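Novice: Residue numbers (the working numbering): 30 to 280.
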């Protein structure tokens, strides 16, 4: 690290759990953030501010006026722009040393595999089950840790699926694809603005801990937030030995 970096990240370096070695691991990392909306906004901002070397920001949508209530990557001046371009500009203002790679597309197929394979860690900040399951399958294939978050109305959830570990459950273990699960969207159900900040920031915290290798992650646990009562619950998750996605990855 140069002198500017030592000063910029000094409050991390002062923490014995991080130190110079941990901060260097952050600086050398490449993180894929899928979704530049309510969750991706705070997650990407904290990752860039903390010094993640490369943040790959993926979203195919443009900024809409209805986004601005919670999607803090974007401003009124950005309405109509691609979210990844608006987000890139915000992140570079926050930390000019960060490298931001905007991908204005919905990642799928070979492109999704390519980006997941190149990343050290993946954040799922998407808003639909089809995308979530596709991301999970790619992370299982390439054994990449996945930090998953969701927020709707006043309810949030976040978990880690550390797919480098053979005993870690995957997203499909928790929400099997094809089950009758109601697809709820902010556009229809609404979402409490600070809730997305709380969950997105928690995703960033879990991502940084995984990159550094410190603390205890949410792997094997689902953290649930009732934003109206401001109560957290932690639910233990087990790997499904019959999971159609991750069963047999031990070998």
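Glycine included, every Cβ here is placed at the ideal spot set by N, Cα and C.
Note that the structure is predicted; figures quoted are calculated from it, not measured.
Between residue 72 and residue 271, what straight-line distance do the alpha-carbon atoms span, to the nearest angstrom?
Specialist: 33 Å
Novice: Quick check on the burial criterion: 16 or more other C-beta atoms within 10 angstroms. Buried or exposed for residue 40?
Specialist: exposed
Novice: For residue 266, tell me which candidate among 144, 44, 48, 202 has the shortest Cα-Cα distance.
Specialist: Cα-wise, what sits closest to residue 266 is 202.
Novice: Touching or not, the stretch 173-182 and the stretch 144-155, by the rule of three or more beta carbon pairs under 8 Å?
Specialist: yes
Novice: Measure from the alpha carbon of residue 139 to the alpha carbon of each residue in 184, 166, 179, then state which is nearest.
Specialist: Residue 139 has its Cα closest to that of 166, out of 184, 166, 179.
Novice: By DSSP, does residue 195 sit in helix, in strand, or in coil?
Specialist: coil
Novice: Going by DSSP, which residues form a beta bridge with residue 255?
Specialist: 184, 260
Novice: Of all the options 129, 190, 168, 204, which has the alpha carbon lying nearest to the alpha carbon of residue 157?
Specialist: 204
Novice: Do three or more CB pairs link the stretch 130-139 to the stretch 40-49 at distances below 8 Å?
Specialist: no
Novice: I'd like to know whether the C-beta atoms of residue 232 and residue 178 end up nearer to each other than 8 Å.
Specialist: yes
Novice: In angstroms with no decimal places, state the Cα-to-Cα distance between residue 59 and residue 69.
Specialist: 15 Å
Novice: For residue 177, list the residues DSSP reports as bridge partners.
Specialist: 153, 188
Novice: What are the uninterrupted segments assigned as beta strand (DSSP E) that are 3 or more residues long and contained completely in the stretch 67-107, given in chain order?
Specialist: You should have 83-87.
Novice: Among 90, 235, 115, which has the Cα closest to the Cα of residue 187?
Specialist: 235
Novice: Write down every uninterrupted run of the alpha helix (DSSP H) in the stretch 32-65 whose length is 4 residues or greater and which is fully enclosed by it, in chain order.
Specialist: 32-37, 39-42, 48-56
Novice: When you compare the CB positions of residue 102 and residue 116, do they come within less than 8 Å of one another, or not?
Specialist: yes
Novice: Quick one: grab the DSSP three-state call for residue 269.
Specialist: coil
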